[in-house]
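Reviewing the structure listed below.
Numbering (the working numbering), first residue to last: 480 to 599.
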C-alpha cells in the first residue's frame, strides 16, 4: 500500500470549495430538469429530464459524503431512488411526472440552497 504524505493530500478547504461550486450548478440543473419534467407533455421528454436529474443526484451523493455533508448525501440518495422507482414502475409509459417527485426534488434544492447560504 502506498502512503501519501500531507503535501499530497488534497486540501479539505479546497475540496469543500469545489464541492460548493458544483453544488450550486447541480442544484440549478436539478431544479430545471424537475420543472421541465413537470411541464412535459410527452413520455420521452419527462423521462429524459427525470433521468438527467437522477444522474446529477447520483454524483452529488458521493461528493456530499466525501466532504462530510452526510444528510445532504442522504437526501440526494432518497431523491435518486424515488426517480429510479418511478422510471422502473408501471407509470413509465405515461406522460406524467408524479407530484411527490417534484416535492422531493424541491426539498433537495432547498436543502442545497440552505447549505450554500450558511456553509459556502
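Every residue gets a Cβ at the ideal spot worked out from N, C-alpha and C, and that includes glycine.
Since the structure is predicted, the reported quantities are computational estimates derived from the model, not experimental observations.
query, result
"Where does the unbroken alpha helix (DSSP H) through residue 496 begin, and where does it stop?", "491–518"
"With respect to the alpha helix (DSSP H) encompassing residue 576, which residues constitute its N-terminal and C-terminal limits?", "Looking at the DSSP string, residue 576 is not in any alpha helix (DSSP H), and its letter there is neither H nor E."
"So, for residue 485: in the same chain, excluding its five sequence neighbours on each side, which residues have a beta-carbon less than 8 Å away from its beta-carbon?", "Confidence is the limiting factor: at residue 485 the pLDDT is only 48, short of 50, which leaves the residue's position unreliable and the question unanswerable from this model."
"Do residue 574 and residue 522 have their C-beta atoms within less than 9 Å of each other?", "yes"
"Quick check: what's the CA-CA separation for residue 556 versus residue 513?", "16 Å"
"Does any heavy atom of the ligand PLP sit closer than 8 Å to the C-beta of residue 566?", "Of the ligands one can find in the structure shown there are none, so the ligand PLP has no counterpart to examine."
"Count the CB pairs spanning the stretch 490–508 and the stretch 564–572 that are closer than 8 Å, and state whether there are at least three.", "no"
"In its own chain, which residues sit with a C-beta less than 6 Å from the C-beta of residue 506, not counting the 5 before and 5 after it?", "588 and 591"
"Thinking C-alpha only, which one of 598, 508 and 542 is nearest residue 530?", "508"
"Kindly indicate which three-state DSSP category residue 534 falls into: helix, strand or coil?", "helix"
"How far does the alpha helix (DSSP H) with residue 566 in it reach, from first residue to last?", "549–566"
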